[in-house]
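Trainee:
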Amino acid sequence: MITQSENPPVIELCGATKRYGRKLACDAVELNVRQGTTFGLLGPNGAGKSSLIRMLMGLTPPDAGEVKLFGENARVHNTAMRQRIGYVPEVHCIYRWMKVEEVLGFVSKLYPRWDDDLTDQMLSAFELPLKKKVAALSKGMTTKLSLILALAHNPDLLILDEPTSGLDPIIREDFLESVLQRHLCKGRTVLFSSHHFDDVERVADEVGIFVDGRFIARGSIDELRSNIKRVQIVLPDGKLPTHIPEQAVFQRLSRRDWTVTVSPFSEDLFEQLLSENHALGGNVVDLSLEDIFKDVIRGRKRQLEEIET
Amino acid sequence: MIGALIRKDLSLLRLYLRSLVAALIACFVAAAILIFWDVREAGQSFAESRFMIASILAGGTPLGLIVVTIFSALLSGSIITLERSDRSSQFLACLPPTRLQNYLSKLVVVASAVFLSLGICLLAWFIAYQLNHSGEMSLGSSELSKKFKETNHPPVFAAGSLRFADAWSNATLYNLFPLFAILASTTGGSLLASWGSRSNAVPTIFGLLTPIILYVAITIPIALLKLMSFEEAFKLFSFVTAGFGLCCIVASGCIYRVQREF
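Chains as they are written, first to last, in my numbering: chain A, 1 to 309; chain B, 310 to 571.
1. Is there a Cβ from chain A that is less than 8 Å from the Cβ of K317 of chain B?
2. Output yes or no for whether 8 Å exceeds the beta carbon distance between G386 of chain B and T519 of chain B.
3. Please list the residues of the segment 382-412 of chain B that have a C-beta atom closer than 7 Å to any C-beta atom in chain A, keeping them in chain order.
4. With a threshold of 16 other CB atoms inside 10 Å of the CB of A64 of chain A, please say whether the residue is buried or exposed.
5. Could you tell me the boundaries of the alpha helix (DSSP H) in which V249 of chain A lies?
6. Any Cβ of chain B within less than 8 Å of the Cβ of Q83 of chain A?
7. If you run the structure through DSSP and keep just helix, strand and coil, what is V107 of chain A?
8. Taking its Cβ as the centre, do 16 or more other Cβ atoms sit within 10 Å of P264 of chain A, making it buried, or is it exposed?
9. DSSP has K68 of chain A in a bridge; who is on the other side?
10. In angstroms, rounded to a whole number, what distance separates the CA positions of G48 of chain A and A16 of chain A?
11. Can you tell me the Cα-Cα spacing of I315 of chain B and M55 of chain A, whole angstroms?
12. In this structure, how does DSSP classify K144 of chain A when only helix, strand and coil are distinguished?
13. Just verifying my parser: in three-state terms, what is the DSSP assignment at W258 of chain A?
14. Any contact between the segment 193-209 of chain A and the segment 157-171 of chain A? By contact I mean 3 or more CB pairs, one from each, below 8 Å.
15. Would you please state the rounded distance, in angstroms, between the beta carbons of L374 of chain B and L485 of chain B? I believe it to be under 8 Å.
16. For V200 of chain A, collect the residues of the same chain with a Cβ closer than 7 Å to its Cβ; drop the 5 residues on either side in sequence, then sort them by chain order.
17. What do you reckon, are the CB atoms on A467 of chain B and S364 of chain B nearer than 8 Å?
18. Any beta-carbon of chain B closer than 8 Å to the one on K23 of chain A?
19. Does the beta-carbon of C185 of chain A have 16 or more other beta-carbons within 10 angstroms, so that it is buried, or is it exposed?
20. Since T407 of chain B contacts T79 of chain A with CB under 8 Å, what's their CB separation in whole angstroms?
21. Taking G282 of chain A as part of the alpha helix (DSSP H), name the residues at either end of that continuous run.
22. What residue range is occupied by the uninterrupted alpha helix (DSSP H) comprising L128 of chain A?
23. When DSSP labels each residue in this structure, what does N32 of chain A get in the three-state scheme?
Have a look at this one:
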């Protein structure tokens with residue numbers, strides 16, 4: 001039996017670097033997403049997520065390094081490879097002068113695996129008006145059309161850049177629970193970028209936190225939760241923390257309460273923190289993906305501020 | 310796949326293509342109005358109705374050729390810039406067709422529209438010639454005087470149109486070559502200039518100016534230095550213009566293929 005870790009890599013980034021003038025959007029990014037994996041890409045605005053996705057789609061070339069999809073250079077436009085990819089961009093650039101039915105008619109001719117039944121199902125689920133021009137659609141409606149275009153040809157790789165933005169909660173739920181889950185059941189690979197942590201938590205096997213053009217944390221959600229934990233320590237009156245471990249990602253002191261997020265966490269580290277800081281007490285808090293993200297980002301920001309000062 | 314791309318590009322340019330059809334019709338309508346007015350002002354009438362039709366078709370042809378030249382620049386200046394201006398080129402870049410297929414589809418659409426409208430103009434010219442000469446044997450002469458009932462003062466525009474219809478007899482592929490050269494240069498110039506612009510105005514103007522600039526650059530120095538006769542200089546201009554136009558079309562395709570950003 002083949003496990004997921006033995007599957008061939010579908011997405012490979014090897015030292016992929018992208019600059020826009022002085023701004024470093026992607027800094028020697030290394031990434032391997034294997035077949036059948038759903039990879040959640042998390043990051044604040046301006047972290048470089050969209051640049052990374054644009055490099056994957058061949059819309060912008062890397063300044064250095066390699067970007068491969070299905071083992072082939074993503075920059076070289078290969079029709080057969082493109083027919084295996086479904087893509088939902090953050091900003092939709094579908095022909096605005098076309099009607100919805102014209103867009104579907106045009107795009108369906110380009111994919112040999114286009115599924116008309118699936119298209120009809122999604123059209124009725126999303127209540128998309130066929131006779132309306134794309135220019136007249138709302139942002140949410142355009143996102144729905146983009147999702148249909150990306151999913152209806154049953155792609156082996158689905159690249160979604162903020163796919164649920166603009167969708168109302170019911171449609172978002174429907175998309176995640178029904179449409180996307182059905183796609184995932186078929187063992188397909190998904191790269192999913194989102195600001196909605198619960199969306200990512202629900203569907204992703206692996207998560208990467210992308211900040212300032214590089215991954216600062218990566219792994220399965222369970223791995224991240226077991227590795228990154230928040231330790232709450234009560235210090236004696238008038239005392240400051242004396243031992244700050246190098247594993248500290250982010251820390252906050254409020255009177256006697258010292259909260260420190262550590263990565264990687266271990267029971268030994270917890271005991272060490274209690275003893276070396278003469279703690280009156282302490283406990284370990286499991287973090288949600290959102291809390292992990294916030295602490296990692298805040299810690300990184302503070303680290304940069306300290307370097308600057 | 311190419312079929313779907315061609316249909317998409319035809320839809321993209323549908324407004325311009327409809328305008329081209331309307332402009333071509335307007336050319337022949339304008340010629341008809343001018344001829345009727347001209348004939349009436351001269352107090353004349355055509356000897357046979359076929360001469361009237363011949364003069365309308367022949368009178369509309371030069372206007373039609375000007376329209377075709379303008380639209381060759383407009384269509385080729387719009388086919389790439391329209392997709393760049395609304396960023397739908399990014400949508401297209403993520404779809405399976407290669408850049409070469411995308412470019413070929415655009416070229417097929419522009420070339421078909423230009424050649425079809427050129428063909429209509431040449432057909433009108435050919436029909437005008439045939440109508441002008443179909444009864445020549447019975448008339449016994451192709452003289453202009455035989456074509457109007459009153460022959461003292463033949464109407465200028467109508468007579469000129471019929472003379473132009475006669476010129477079809479010299480319209481060999483060789484003689485029509487400068488026309489093809491000018492259309493190739495307007496198309497190529499516009500396509501090449503599309504890469505520096507998101508609006509279709511600049512490429513269209515550049516395309517229209519291309520044969521004029523080449524004409525000035527080639528014929529004026531030759532005339533000043535008296536290097537060759539005007540006919541030879543015009544022949545050289547035709548070959549250079551055609552070559553430049555084709556080079557621009559190929560160069561534009563290469564840029565489309567290797568462009569880094571969309």
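C-beta: ideal position from N, C-alpha, C; glycine also.
Mentor: Considering the structure as presented:
1. yes
2. no
3. Identification of residues in the segment 382-412 of chain B having a C-beta nearer than 7 Å to some C-beta of chain A yields D395, R396, S397, Q399, F400, A402, C403, L404, P405, P406, T407 and R408, given in sequence order.
4. Flag for A64 of chain A reads exposed.
5. Looking at the DSSP string, V249 of chain A is not in any alpha helix (DSSP H); the run it does join, the beta strand (DSSP E), is A248 to S254.
6. yes
7. helix
8. exposed
9. A:E12 and A:N73
10. Straight-line measurement puts the Cα of A16 of chain A at about 12 Å from the Cα of G48 of chain A.
11. Pairing I315 of chain B with M55 of chain A, the inter-Cα distance amounts to about 28 Å.
12. helix
13. W258 of chain A falls in the strand class under three-state DSSP.
14. Touching, per the Cβ criterion.
15. Not quite, the Cβ-Cβ distance comes to about 10 Å (not below 8 Å), so this is no contact.
16. By the criterion of a C-beta distance shorter than 7 Å, V200 of chain A is surrounded in its chain by G40, L42, F192, S194, V207 and L289, once the five residues flanking it on both sides are discounted.
17. yes
18. no
19. exposed
20. Their Cβ separation, rounded to whole angstroms, is 6 Å, which keeps T407 of chain B and T79 of chain A in contact under 8 Å.
21. G282 of chain A -> not in any alpha helix (DSSP H); beta strand (DSSP E) instead, spanning G281 to D286.
22. From DSSP, L128 of chain A is part of no alpha helix (DSSP H); its letter is neither H nor E.
23. strand
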